[in-house]
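*Asks:* One structure coming up, written as structure tokens, with questions to follow.
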């Protein structure tokens with residue numbers, strides 16, 4: 001089966017290569033990986049830890065993201081290319097008609113929970129809970145891996161940028177994925193159970209790299225009216241340990257820093273946060289969070305920026321190395 005993407009001259013000019021993974025595509029594809037046993041050497045340890053720590057909010061997402069077959073397009077809006085929060089805002093603003101149509105399509109292949117009917121009906125509280133679940137999964141399951149995943153993505157994208165600059169778009173296609181074929185003006189994508197044509201009509205195509213795209217083929221949105229995206233897997237066999245955590249790594253960090261400070265450092269690794277947010281994540285007092293963050297900053301594991309009257313704490317590469325053993 002083949003998904004044929006038809007280009008015009010304007011489409012070639014408007015085709016772009018995303019320089020980093022799309023956060024909501026990584027959430028969706030991470031949810032797919034979580035429900036399979038595919039590539040245990042790459043995803044096995046991450047999957048085991050993620051399954052053990054899946055919150056109730058995050059568990060609800062699994063119903064909308066079956067690992068095989070259709071997943072709703074509204075979970076991965078184009079606005080996510082502008083960052084996680086813009087993407088989540090776009091999810092929350094999904095038109096009611098799109099929600100009903102895509103959830104109805106999904107219900108043809110999987111059994112949906114009762115709350116999905118309230119989501120399809122446009123109930124705000126259900127959409128709010130869905131967005132919270134997406135944010136939580138990214139914060140706890142995807143973001144902690146980015147310090148290891150990002151270098152592999154950056155190396156691949158740099159190579160692709162150079163190919164396009166030096167040899168043109170046609171030479172890029174075989175680098176992206178072996179299932180892609182270019183016979184001007186058509187890009188053919190071998191996808192199971194899909195035989196259709198997509199006419200770009202001057203919109204161009206956004207090429208998005210993904211670490212969690214585990215399947216043996218790229219991913220595309222089903223709705224032809226949506227901004228065209230092709231998500232392709234990035235594979236680096238020599239970096240298989242990128243999402244593998246050593247079994248005793250948490251204990252080693254705790255032995256080095258002390259249990260509370262190790263917990264604070266791990267909390268910061270979930271994403272940049274204020275001192276009050278850090279205190280809530282780590283389950284400690286505001287004064288204690290402030291003191292631990294100050295020490296981690298002074299020792300070079302955390303970067304702290306002042307914005308107005310508040311500060312933001314962010315894990316830096318040295319802190320990431322301490323948590324992940326990237327230098328070992």
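Numbering (full-length UniProt numbering), first residue to last: 1 to 328.
Positions of the beta carbon are idealized from the N, C-alpha and C atoms, including for glycine.
DSSP three-state label for residue 213, please.
*Replies:* Position 213 of the chain shown holds residue 213. Coil.
*Asks:* Give me whichever residues DSSP pairs with residue 302 in a beta bridge.
*Replies:* As a first step, residue 302 must be located in the chain shown, where it is residue number 302. 315.
*Asks:* For residue 322, which of helix, strand or coil comes out of DSSP?
*Replies:* Looking up residue 322 in the chain shown gives position 322. Helix, per DSSP.
*Asks:* So, with DSSP's three-state summary, where would you put residue 156?
*Replies:* Counting from 1 along the chain shown, the entry for residue 156 is found at position 156. Helix, per DSSP.
*Asks:* Please report the straight-line C-alpha distance between residue 288 and residue 140, rounded to a whole angstrom.
*Replies:* As a working note, residue 288 is residue 288 in the chain shown. As a working note, residue 140 is residue 140 in the chain shown. Roughly 22 angstroms between the two C-alpha positions.
*Asks:* Using only the alpha-carbon positions, how far apart do residue 323 and residue 262 sit?
*Replies:* Stepping through the chain shown from its first residue, residue 323 is reached at position 323. Stepping through the chain shown from its first residue, residue 262 is reached at position 262. Rounded to the nearest angstrom, the two C-alpha atoms are 9 angstroms apart.
*Asks:* What are the partner residues of residue 273, as DSSP defines its beta bridges?
*Replies:* The residue labelled residue 273 in the question sits at position 273 within the chain shown. Answer by DSSP bridge pairing, in chain order: 313.
*Asks:* Could you check the C-alpha separation between residue 108 and residue 69 for me, to the nearest Å?
*Replies:* Here the question's residue 108 lines up with position 108 in the chain shown. Here the question's residue 69 lines up with position 69 in the chain shown. Spanning the two alpha carbons is a distance of roughly 11 angstroms.
*Asks:* Counting only runs of 4+ residues fully inside the stretch 95-146, write out the alpha helix (DSSP H) ranges in chain order.
*Replies:* Counting only runs of 4 or more, we get 96-107, 115-120, 124-137.
*Asks:* Count the CB pairs spanning the stretch 79-95 and the stretch 167-180 that are closer than 8 angstroms, and state whether there are at least three.
*Replies:* Flag = no, the stretch 79-95 and the stretch 167-180 do not touch.
*Asks:* On the premise that residue 11 lies in contact with residue 200, defined as a C-beta separation below 8 angstroms, what is that separation, rounded to the nearest angstrom?
*Replies:* Position 200 of the chain shown, counting from 1, holds the residue named residue 200. Position 11 of the chain shown, counting from 1, holds the residue named residue 11. 4 angstroms between Cβ atoms; contact.
*Asks:* Given a threshold of 16 other Cβ atoms within 10 Å of its Cβ, counted over all protein chains shown, does residue 313 qualify as buried or as exposed?
*Replies:* On the chain shown, residue 313 is found 313 positions in, with the first residue counted as 1. It counts as buried.
*Asks:* Give every residue of the same chain whose Cβ lies closer than 7 angstroms to the Cβ of residue 282, excluding the five residues on either side of it in the sequence, and list them in chain order.
*Replies:* Your numbering for residue 282 matches position 282 in the chain shown. Cβ within range, chain order: 263, 264, 267, 289.
*Asks:* Spatial neighbours of residue 270 within its chain, please: C-beta separation below 8 angstroms, excluding the five flanking residues on both sides.
*Replies:* On the chain shown, residue 270 is found 270 positions in, with the first residue counted as 1. For residue 270, where only same-chain residues beyond five positions count, the Cβ hits under 8 angstroms are 139, 140, 143, 144, 281.
*Asks:* Measuring alpha carbon to alpha carbon, tell me which residue in 119, 159, 316 is nearest residue 98.
*Replies:* Reading the chain shown from its first residue, position 98 is the one you call residue 98. Comparing Cα positions, the closest option is 119.
*Asks:* Extract the residue ranges of the alpha helix (DSSP H) inside the stretch 42-89, only unbroken runs of 4 or more that lie entirely within it.
*Replies:* Fully enclosed alpha helix (DSSP H) runs of 4 or longer: 56-61.
*Asks:* Tell me the residue span of the alpha helix (DSSP H) that contains residue 32.
*Replies:* Residue numbering aside, residue 32 sits at position 32 when the chain shown is read from its first letter. It spans 23-34 - the alpha helix (DSSP H) in which residue 32 sits, taken as one unbroken run.
*Asks:* Assuming residue 303 and residue 293 are in contact, meaning their beta carbons sit under 8 angstroms apart, how far apart are those beta carbons, in whole angstroms?
*Replies:* Residue numbering aside, residue 303 sits at position 303 when the chain shown is read from its first letter. Residue numbering aside, residue 293 sits at position 293 when the chain shown is read from its first letter. Going by Cβ atoms, the distance from residue 303 to residue 293 rounds to 10 angstroms, so no, they are not a contact pair.
*Asks:* Got a sec? Which residues, its chain only, sit under 7 angstroms from residue 72 by beta carbon, not counting five neighbours each side?
*Replies:* Position 72 of the chain shown holds residue 72. For residue 72, where only same-chain residues beyond five positions count, the Cβ hits under 7 angstroms are 64, 102, 103, 106.
*Asks:* Can you find a CB in chain D that lies within less than 9 angstroms of the CB of residue 232?
*Replies:* This model lacks chain D altogether, as it is built from one protein chain only.
*Asks:* Would you mind reading off the limits of the alpha helix (DSSP H) that contains residue 170?
*Replies:* Here residue 170 refers to the residue found at position 170 when the chain shown is read from its first residue. Per DSSP, residue 170 belongs to the alpha helix (DSSP H) from 169-176.
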